[in-house]
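Just so you know, the sequences run in chain order X and L. The numbering of the first sequence is this note's numbering, which starts it at 1 and goes up by one. The numbering of the second sequence is this note's numbering, which starts it at 85 and goes up by one. Heads up, the beta-carbon is just placed ideally off N, CA and C, and yes, glycines get one too.
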Amino acid sequence: MKMQEEPIAAEAAARVAQLNVDQLAAWISSAPEPQRSALAFFYLNEFTHREMQNLLDVKMNELAQLISRGRSQFQAWLNTVTDL
Amino acid sequence: MKRWLTRRKRALLECAPISEAPPSDRAMRSALETARTIPEAAATLDAQHHFDVALAKLVGGITIPKEAEEWFVNAALIKGPKRSWKQIAWHPAILATVLAMMVLAGTGFFFFLEHLHEFPGSATAKRMLAVASTARRADFETVNTDAINLGDYFFMKFQLEHFDVPIQFSDLRARAARVFEDEDGTRVAQVLFAESGMQFFLYSAGGSELAKAAASSTKANWRYLESEGWAGAIEQRNGVCFMIAMRGSEAELRSYLSDRGR
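As structure tokens, this is what we get:
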């Protein structure tokens, strides 16, 4: 299923603050691989981009695309589940 | 959105670290620095950073299941221990590179020192030293006279004007002399002396390499060279180049000329 994508909004941080941990965990676990792992590694904030490339066995551009699309998709989902 | 950056930098910025600490990766640092100089890119990067910080904060609150914890430990192992600068310095590849650079630098320094001793025509002057080292008495004409008379000898016999030996060597006893042509066709006078291993070369200071060698020296300063056990000193006087060749080192020749100059 193709997921909706939206550019990062200025009020995104405020919207994220409305979420609870379980909602986020549910969204991440529903993401397809390797995007799920890429987002998990990235937001764990423990790995450099090179380490993530090694762990996921992807090139730099692929990793960037996985994270970028993950952000856009998360923003689109965020817009539907939160209010301002 | 960041079309003003290269594709590689755009990719790096998508993975920009969430923490405020400067990244250890040089390429990432460069990409971030470039983006911060462009207002549009800086604004986009700022929005992305706020988004990532908020999300990372939320992710930090997720409880990792026990069965997944072990997996994260293994993932951490993949990172490997951070190497200290000493470990990096002793890495064979680094050592080999450093050694290779030292050898290159040493070779370069050696050639630089060699070059310091050279002067215009020094290659030809070295050939004169080779001529001196291979000179055979049989190729010369016996003269058996004081050096002061050599000027007249060369003029009378070979029509070579001003081929006078400098006054400080006038008392030396010349045993044999000859005139030959060097590679440029310049006529060179060569003199053997009673003093063992001492020879003089005289030639016109024209445009030849030999003349350049002598012209590069002043009256007060001899230009020295050394080759295959022989040392040479060149100077120019009255349009004639004078070279003294002596068996031994440059230091010995310098000492000899210093004594003669007194």
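| Item | Value |
| --- | --- |
| Residue 45 of chain X and residue 140 of chain L closer than 8 Å at C-beta | yes |
| Neighbouring residues, chain L, relative to residue 16 of chain X (Cβ below 7 Å) | 138, 139 and 142 |
| Identity of the residues DSSP links to residue 325 of chain L by a beta bridge | L:287 and L:320 |
| Inter-stretch contact (C-beta, 8 Å, three-pair minimum) for the segment 222 to 231 of chain L and the segment 242 to 258 of chain L | yes |
| Pick from L:236, L:262 and L:248 that is closest to residue 226 of chain L, judged by C-alpha positions | L:262 |
| Chain-ordered residues of the segment 56 to 70 of chain X with a beta carbon less than 8 Å from chain L | 60, 61, 63, 64, 65, 67 and 68 |
| With 16 other Cβ atoms within 10 Å as the buried cut-off, status of residue 285 of chain L | buried |
| Status (buried if at least 16 other CB within 10 Å, exposed otherwise) for residue 175 of chain L | exposed |
| 8 Å Cβ cutoff, residue 31 of chain X in contact with chain L | no |
| Which of helix, strand or coil DSSP assigns to residue 10 of chain X | coil |
| Cutoff 8 Å: residue 134 of chain L Cβ touching any chain X Cβ | yes |
| Cβ shell of residue 8 of chain X (< 7 Å), same chain only, five flanking positions each side left out | 71 and 75 |
| Same chain, Cβ closer than 6 Å to residue 3 of chain X, neighbours up to 5 away in sequence not counted | 73 |
| Residue 263 of chain L (DSSP reduced to helix, strand or coil) | strand |
| Residue 362 of chain L - DSSP class collapsed to helix/strand/coil | Outside the displayed range of chain L (85 to 346) lies residue 362 of chain L, so it cannot be described from this structure. |
| Residues near residue 303 of chain L in its chain [Cβ-Cβ closer than 6 Å; skip 5 each side] | Below a pLDDT of 50, predicted positions are generally treated as unreliable, and residue 303 of chain L, at 49, falls in that range; the measurement from the model is reported next regardless. Result list for residue 303 of chain L: empty, nothing under 6 Å. |
| Alpha-carbon spacing of residue 59 of chain X relative to residue 199 of chain L, whole angstroms | 51 Å |
| Proximal residues to residue 11 of chain X (C-beta, below 8 Å), its chain only, five neighbours per side dropped | 84 |
| Min CB distance residue 12 of chain X to chain L below 8 Å | yes |
| Residue from X:51, X:19 and X:63 with nearest C-alpha to residue 36 of chain X | X:63 |
| Reduced DSSP category for residue 268 of chain L - H, G, I as helix; E, B as strand; rest coil | coil |
| C-beta contact flag for residue 96 of chain L and residue 125 of chain L at 8 Å | no |
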